[in-house]
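Below is one structure; the comments refer to it alone.
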Amino acid sequence: MSKIAESAGAAVADITDGRTIAIGGFGLCGTPSALIEALLQSGATDLHIITNNCGPDSSDVTRLLRAGRVRRVSASYIGDNSEFLNSYLGGAITVDLIPQGTLAEKLRSGGAGIPAFYTPTGVGTAVAQGGIPVRYGSGSGFAAEYSAPRHVAEFDGREYLLERSLTADFALVRAETADTIGNLRFRGAARNFNPLCAMAARVAIVEVQEVVEAGGIPPDDVHLPGVFISRVVDLGGRMRKPIERLRTTDPVPAGGGSHGL
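Here it is in structure tokens:
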């Protein structure tokens with residue numbers, strides 16, 4: 009019954025070229041760094057990555073882009089990631105830009121076995137009408153492929169778009185704690201897209217800071233049941249938690265008083 013993998017490398021060993029991989033995280037928060045590093049070491053290429061965003065230039069997902077291992081990205085925005093932007097505009101990758109809430113629902117619905125759903129998000133925009141650049145010609149600066157228009161239907165006097173759900177061959181996710189049969193507990197905002205990615209994948213692999221015995225997580229504290237998890241990688245407390253944007257304030261002077269400006 010134990011789902012504990014020997015190592016991160018062993019856990020991702022069957023991810024081969026051309027696979028679709030859902031990667032949890034939001035920027036650097038909750039991103040499965042050890043599993044992405046293992047994927048880099050594996051040599052798998054021609055990958056389709058589904059992720060909320062690729063994070064900053066320093067992110068682990070960006071390392072996959074920089075290594076030329078990704079052919080397609082489905083994400084909600086590019087942000088200030090210059091590697092992602094240049095790969096997109098240079099024609100090196102195909103990009104599906106999806107409204108963030110719609111992306112979350114695409115993954116949730118995919119995990120629930122729902123093939124498509126209607127949403128009001130994007131009605132009256134290029135999301136509905138099509139025409140968002142999906143792929144640029146190599147070095148041309150001109151779009152070579154555009155998004156397709158969505159089917160629009162009316163319910164109770166309001167228009168909705170039909171969106172196809174998303175599924176993946178594999179998911180790479182991060183949690184704070186797992187038990188030996190894969191039940192997961194996340195911590196704070198690091199939960200983000202991780203449960204959705206795990207639910208949408210045929211094989212979900214999780215890296216965790218701590219592993220406890222089955223039953224060690226109280227039932228009310230289980231955020232994702234082990235039925236969705238195939239493999240658990242125990243990092244033994246060595247989880248890397250980088251800060252994307254460090255913000256500090258001046259300390260309060262001894263004896264009180266106001267902050268310096």
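Under our numbering, residues 9 to 269 are what the sequence shown spells out, in order. Every residue gets a Cβ at the ideal spot worked out from N, C-alpha and C, and that includes glycine.
Contact between residue 183 and residue 202 holds, with the beta-carbon distance rounding to 7 Å and staying under 8 Å. C-alpha of residue 97 to C-alpha of residue 262: approximately 53 Å in a straight line. The beta carbon of residue 124 lies closer than 8 Å to those of 117, 170, 171, 172, 173 in the same chain, with the five residues before and after it left out. For residue 96, the three-state secondary structure derived from DSSP is helix. The C-alpha of residue 220 lies about 6 Å from the C-alpha of residue 186. In this structure, DSSP gives residue 198 a helical state, which the three-state scheme calls helix. Residue burial is scored here from C-beta neighbours: residue 260 has fewer than 16 other C-beta atoms within 10 angstroms and is therefore classed as exposed. Within its own chain, the residues whose Cβ lies closer than 6 Å to the Cβ of residue 53, once the five positions on either side in sequence are excluded, are 25, 77, listed in chain order. Shown here, residue 236 sits in a helix according to DSSP, grouped into three states.
Cβ-Cβ distances below 6 Å link residue 19 to 13, 213, 239, 241 in the same chain, with the five nearest sequence neighbours on each side left out; the list follows chain order. By the neighbour-count criterion, in which a residue is buried when 16 or more other Cβ atoms sit within 10 angstroms of its Cβ, residue 145 is exposed. If you look at residue 258, you'll find it isn't in any beta strand (DSSP E); DSSP assigns it neither H nor E.
Residue 254 carries a coil assignment under DSSP once its states are collapsed to helix, strand and coil. Non-local C-beta neighbours of residue 157 in its own chain, meaning closer than 6 Å and more than five positions away in sequence, comprise 137, 138, ordered along the chain.
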